[in-house]
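Going letter by letter, the sequence shown gives residues 610 to 651 in the working numbering. For glycine and all other residues, C-beta sits at the position ideal for the given N, C-alpha and C.
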Amino acid sequence: NEEKPAGEYEVEFDGRDLSSGVYFYQLRSGDFIQTNKMILLR
Numbered sequence: 610n611e612e613k614p615a616g617e618y619e620v621e622f623d624g625r626d627l628s629s630g631v632y633f634y635q636l637r638s639g640d641f642i643q644t645n646k647m648i649l650l651r
């Protein structure tokens with residue numbers, strides 16, 4: 610976790626050590642929180 614100034618950002622995800630399955634990730638900014646689902650297939 611780190612604080613960044615306003616703007617657009619990209620995050621690189623490395624799932625090499627994860628099994629196939631459904632994963633959830635969360636975006637947070639101030640009072641905004643959004644949880645999304647990601648499906649990883651091998």
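Do residue j and residue i count as a contact pair if the criterion is CB distance below 9 Å?
i: residue 643; j: residue 636; result: yes
i: residue 624; j: residue 632; result: yes
Tell me whether residue i sits in a helix, a strand or coil according to DSSP, three-state version.
i: residue 632; result: strand
i: residue 622; result: coil
i: residue 637; result: strand
i: residue 610; result: coil
i: residue 627; result: coil
i: residue 649; result: strand
Going by Cα to Cα distance, which pick from the options is closest to residue i?
i: residue 615; options: 638, 631, 651, 645; result: 638
i: residue 651; options: 622, 617, 630; result: 630
i: residue 634; options: 626, 641, 646; result: 646
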